[in-house]
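Residue numbers (mature numbering (1 follows the signal peptide of the UniProt record, and there is no 0)): -16 to -1, 1 to 252. All C-beta atoms, glycine included, are put in the ideal place defined by N, C-alpha and C. Accompanying notes for the structure given below.
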Amino acid sequence: MLKFVLLAALSVLVLAEEEPQPRYLEDSLERVVGGEVARPNSWPWQISLQFQSGSNYHHTCGGSLIRRGWVMTAAHCVDSQRTWRVVVGEHNLNSNEGREQYVSVSRVYIHPNWNRNQISNGYDIALLRLSNEVTLNNYVQLANLPPSGQVLNHNHPCYISGWGRTTTGGNLSAQLKQAYLPVVDHNTCSSSGWWGNSVRNTMVCAGGGKDSGCQGDSGGPLNCQLSGRYYVHGVTSFVSARACNESRKPTVFTRVSAYIGWMENIMG
Ligand SMILES: *[C@@H]1O[C@H](CO)[C@@H](O)[C@H](O)[C@H]1NC(C)=O
Ligand SMILES: *[C@@H]1O[C@H](CO)[C@@H](O)[C@H](O)[C@H]1NC(C)=O
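Right under this line is the structure:
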């Protein structure tokens, strides 16, 4: 079942895909909500976080490879006890393309201030220690993280990427998708008619038009371009419960630059 989180008058829907999706669209023309299928492995730090159910693994969330043995994802993706695995080099969840590396998770570090019942407080971030270091190659690369404290301007160009549902209540995408989601600055995002006081300045808002993240995209990156390189500025966190792409309810991300110190402490 989907998890609804009530806060004040607004309800938000966290973005983990919690229900196993045994079948996927093989050749759908649908894309994330909006956006398009990504060129395979063009976001080479994007990982698929999967949980074990019986003898199968199911995609639940995205994440970013930040060191050969570490993945950054959302706290709400991993705050239940499961057997996890991470897939790097993935593009099509349903077919083995020979570029994938599968690695188990030896330890989960959830931000100590995370509270599933108060998602609007923020802290929706976690680190996964991988049981083995992955091999870097053309399909698997480390994410660039922003400098601590960096905040992007309104309309800064960014892309979300993920295998999340392609419409509100729809199916996961077999192939990794991307959508252009320009930054919505905190002043705008926290104004009435937008997210109001449900967003903090430790979050990044992006989108708010017809394209958005949706269930299954959580934990994955908001990839933002600065001087010709992409930096992972956000960890996909939540959308409106009414619709993934509700107008003036941009997709909300954990602001990575607010947690650089926390992450460095853990990874040593
Ligand atoms: C989701 O996938 C199932 C199984 O392939 C299909 O029957 C259903 O119509 C799909 N739903 C949507 C909204 O595309
Ligand atoms: C949300 O996405 C659906 C499917 O792509 C689209 O039909 C709808 O117009 C979008 N909603 C908004 C507010 O843009």
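Rounded Cβ spacing between L129 and V70 (contact assumed at less than 8 Å): Going by Cβ atoms, the distance from L129 to V70 rounds to 18 Å, so no, they are not a contact pair.
Spatially closest choice to G203 from Q209, H217, V167, N76, by CA coordinates: H217
Enclosing alpha helix (DSSP H) for H95 [first to last residue]: No alpha helix (DSSP H) holds H95; DSSP gives it neither H nor E.
P131 beta carbon less than 9 Å from that of I50: no
Backbone secondary structure at C208 - three-state DSSP: strand
Euclidean distance between Cα positions of D11 and V168: Bear in mind that a pLDDT of 29 at D11, under 50, signals an unreliable position, so the number given afterwards is only what the model happens to contain. Cα to Cα, the separation comes out at about 33 Å.
Spatial neighbours of G192 in its chain, beta-carbon cut-off 6 Å, leaving aside the 5 residues before and after: V168, R232, P234
Cβ neighbour criterion (16 or more within 10 Å) applied to N207: buried
Coarse secondary structure for S174, derived from DSSP in three states: coil
Limits of the unbroken alpha helix (DSSP H) element including N249: In the DSSP annotation of this structure, the continuous segment of the alpha helix (DSSP H) that includes N249 starts and ends at 244 to 251.
Cβ-heavy atom distance, C228 to ligand 2, below 8 Å: yes
As assigned by DSSP and simplified to three states, the class of Q102: DSSP, read as helix, strand or coil, puts Q102 in helix.
Pairwise C-alpha distance: S157 and residue 273: Within the shown structure, residues of the chain are numbered from -16 to 252, placing residue 273 beyond reach of any answer.
Buried versus exposed call for residue 254 [16 or more other C-beta atoms within 10 Å across all chains shown]: Only positions -16 to 252 of the chain appear in the structure, and residue 254 is not among them; the question remains open.
Option in Q85, D63, S90, R83 with minimal Cα separation from W98: Checked all of Q85, D63, S90, R83; the closest Cα to W98 is D63.
DSSP three-state assignment for A58, whether helix, strand or coil: A58: coil per DSSP, three-state reduction.
Sub-9 Å separation of Q159 and W147 beta-carbons: By the CB criterion at 9 Å, Q159 and W147 fall inside the cutoff.
S202 - DSSP class collapsed to helix/strand/coil: coil
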